[in-house]
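Each protein sequence line maps, in turn, to chains R and Z. According to this note's numbering, the stretch in the first sequence is residues 1 to 106, in order. According to this note's numbering, the stretch in the second sequence is residues 107 to 212, in order. Shown next, in structure tokens, is the structure this report addresses.
Number of protein chains: 2
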Amino acid sequence: MSDIFAALAHPTRRQILQDLKDGELAAGEIAARFNATGPTISRHLSVLRQAGLVTERRDANRILYSLVGERLALSVGDFLSAVCPEQMVLREVRKRSNGHAVKADA
Amino acid sequence: MSDIFAALAHPTRRQILQDLKDGELAAGEIAARFNATGPTISRHLSVLRQAGLVTERRDANRILYSLVGERLALSVGDFLSAVCPEQMVLREVRKRSNGHAVKADA
DNA sequence: TCGCTTATTAGCAATGGAGCTAAATGCTAG
DNA sequence: CTAGCATTTAGCTCCATTGCTAATAAGCGA
């Protein structure tokens, strides 16, 4: 839990998560979006991976990163529910992912 | 926005927010719940105040802190909605607060 | 194998955060 | 106004993080 909020503390890492929203990206593609050097971004990715917020997968030369949205939503959602439950609602995540991967309020 | 996530990065500060969930507390009352010294907690409170997550109010000798739940929910909720909108829903906060202070999904 | 691309790891300097003790501030009571 | 309580501010040390450059690893293709 502490790892997750520590990972979210840096603006670059939050932006990386947002960039991964629409699908996986190679480390280099991610690095190209920032002013930082490759190694710097690589370390940010390492922090996100250790927090369980992204996963990596090898594709030939490159390493593709993808977002683990459930972990982000569940962890942060748990905290929000514990602190200000009136304002937040976490939608239950379906085990069998079906594209939307959420259980609606119905 | 960055101030908020930076404030949430420390476990003590997250616990303080949670402790304030049920109402305002004096700085000393908060400090008594942790192993840290008064000045250390005072600085944590200062970080939370600068992030807009708590407000302070003087009561004679003491300074009472209270949670600003809307700011926490809206800021973090915005981020979650931007990164994994499928899993999170932010309940709209009612302007005229009525105890529950949320607009249900109806 | 060699060379090229991609990405990570190592090592270092600088910055910032967290914690403490001691000193200052603000307020109330007597 | 003095004493005392509650809290913050100042000043310091220590450790973690961030960022860089240089070096290493891993894969692909000629």
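Each residue gets a CB set at the ideal place from its N, CA and C atoms; glycine is no exception.
Do you know whose CA, among the options, lies nearest residue i's CA?
i	options	result
A82 (chain R)	Z:C190, Z:V189 and Z:L173	Z:L173
R49 (chain R)	R:A60, R:P85, R:R71 and R:A36	R:R71
F5 (chain R)	R:A60, R:G38 and R:V47	R:V47
A179 (chain Z)	Z:A166, Z:D165 and Z:V195	Z:V195
D59 (chain R)	R:A32, R:E24 and R:L8	R:E24
Alpha carbon to alpha carbon, how far is residue j from residue i? Give it in angstroms, no decimals.
i	j	result
F185 (chain Z)	D3 (chain R)	17 Å
G69 (chain R)	Q193 (chain Z)	8 Å
F140 (chain Z)	P117 (chain Z)	11 Å
T40 (chain R)	P85 (chain R)	37 Å
A32 (chain R)	R14 (chain R)	16 Å
Q124 (chain Z)	M107 (chain Z)	20 Å
Quick one: residues in its chain with C-beta nearer than 7 Å to the C-beta of residue i, no 5 flanking neighbours on either side, listed in chain order?
i	result
S42 (chain R)	A27
K127 (chain Z)	L173
G158 (chain Z)	V174 and R177
L114 (chain Z)	R120
Give the range of the beta strand (DSSP E) segment to which residue i is assigned.
i	result
V54 (chain R)	V54 to D59
Apart from the five residues just before and just after residue i, which ones in its own chain have a Cβ nearer than 8 Å to its Cβ?
i	result
L45 (chain R)	I16, A27, I30, V54, E56 and Y65
Using a Cβ-Cβ cut-off of 6 Å (strictly less than) and excluding sequence neighbours within five positions of residue i, which residues of its own chain qualify?
i	result
R62 (chain R)	A26
Run through the DSSP bridge pairs and tell me what residue i is partnered with.
i	result
I169 (chain Z)	Z:R164
L131 (chain Z)	Z:Y171
V89 (chain R)	Z:V195
What are the boundary residues of the alpha helix (DSSP H) that includes residue i?
i	result
D109 (chain Z)	S108 to L114
R49 (chain R)	G38 to Q50
R215 (chain Z)	The structure shown has nothing for residue 215 (chain Z), since chain Z only spans 107 to 212.
Is it the case that the CB of residue i approaches a heavy atom of the ligand GTP more closely than 7 Å?
i	result
T37 (chain R)	Absence of the ligand GTP is noted for the structure shown, with no ligands found whatsoever.
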